[in-house]
Amino acid sequence: MKFQVRIHNSQTHEIPVNGIKELIKKVWQAETKSSANLTVILVDDICIKELNKDYLNKNSVTDVIAFPLSNETGNVFEGEIYISVDRVLENRSIYNVELGLELKRMAVHGVLHFLGYKDKSDTEKHEMTAREDYYLSL
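Mapping the sequence shown onto the working numbering, position 134 (from 1) lands on 136, and the numbers just tick up by one.
Take a look at the structure:
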């Protein structure tokens, strides 16, 4: 299995990305055996709101958006995870958690979307949060 994660910071806040790639790889390998090329793109609220409006028809900010770029290309899944660092900063204050931990939660959340997890209903949100908690505890 080939697996690659890239992180691109396109916003101005300094944010710790230590351990993100390794955690994403753990989640992916635990849930599936397929190869993947994933990119995590750190953005601000302005950018994520624009993406949310343009691609999901929602005129609001959100914390994470996951875009599969292909189902499989030569048996390799490709996708991009956009994370609003502004939301990460706000969430860490609301939930009183470390910045790096909240960023990891958002990265795991994006990966779980690629793997078929949903968060529309309360039941789905509960299941996704439980999976996030599990992977963050490893």
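Just so you know, even glycine gets a beta-carbon here, dropped at the ideal spot from N, CA and C.
Quick caveat: nothing in here was measured; it's all calculated off a predicted structure.
Using only the alpha-carbon positions, how far apart do residue i and residue j sit?
{"i": "Ile83", "j": "Thr41", "result": "6 Å"}
{"i": "Glu104", "j": "Asp56", "result": "26 Å"}
{"i": "Asp65", "j": "Phe79", "result": "23 Å"}
{"i": "His15", "j": "Asn54", "result": "21 Å"}
{"i": "Ser95", "j": "Pro18", "result": "16 Å"}
{"i": "Asn59", "j": "Val7", "result": "28 Å"}
{"i": "Tyr97", "j": "Lys4", "result": "35 Å"}
{"i": "Gln13", "j": "Lys122", "result": "28 Å"}
{"i": "Arg133", "j": "Asn77", "result": "25 Å"}
{"i": "Glu92", "j": "Gly21", "result": "21 Å"}
{"i": "Leu101", "j": "Asp46", "result": "15 Å"}
{"i": "His128", "j": "Gly112", "result": "15 Å"}
For residue i, which option in the options has the closest C-alpha, if you only look at C-alpha atoms?
{"i": "Val110", "options": "Ile17, Thr131, Leu101, Lys51", "result": "Thr131"}
{"i": "Leu117", "options": "Met3, Ala38, Thr125, Ile22", "result": "Ala38"}
{"i": "Trp30", "options": "Gly81, Glu52, Ser62, Asp124", "result": "Gly81"}
{"i": "Ser62", "options": "Cys49, His128, Leu140", "result": "Cys49"}
{"i": "Met108", "options": "Asp124, Thr125, Arg89, Lys120", "result": "Arg89"}
{"i": "Tyr119", "options": "Ala68, Val99, Ile85, Leu140", "result": "Ala68"}
In terms of residue numbering, what span does the alpha helix (DSSP H) encompassing residue i cover?
{"i": "Glu92", "result": "87 to 97"}
{"i": "Asp65", "result": "Premise fails: Asp65 is in no alpha helix (DSSP H) and is neither H nor E."}
{"i": "Ile26", "result": "22 to 33"}
{"i": "Lys127", "result": "124 to 138"}
Considering just the uninterrupted stretch of the beta strand (DSSP E) at residue i, what are its terminal residues?
{"i": "Gln6", "result": "5 to 11"}
{"i": "Asn39", "result": "37 to 45"}
Buried or exposed: which applies to residue i, given that a residue is buried once 16 or more other Cβ atoms fall within 10 Å of its Cβ?
{"i": "Asp135", "result": "exposed"}
{"i": "Leu114", "result": "buried"}
{"i": "Ala32", "result": "exposed"}
{"i": "Leu71", "result": "exposed"}
{"i": "Leu25", "result": "buried"}
{"i": "Lys35", "result": "exposed"}
{"i": "Lys106", "result": "buried"}
Assuming residue i and residue j make a contact with CB atoms under 8 Å, what is their CB distance in whole Å?
{"i": "Val87", "j": "Leu44", "result": "5 Å"}
{"i": "Lys28", "j": "Ile9", "result": "About 16 Å; that fails the 8 Å criterion."}
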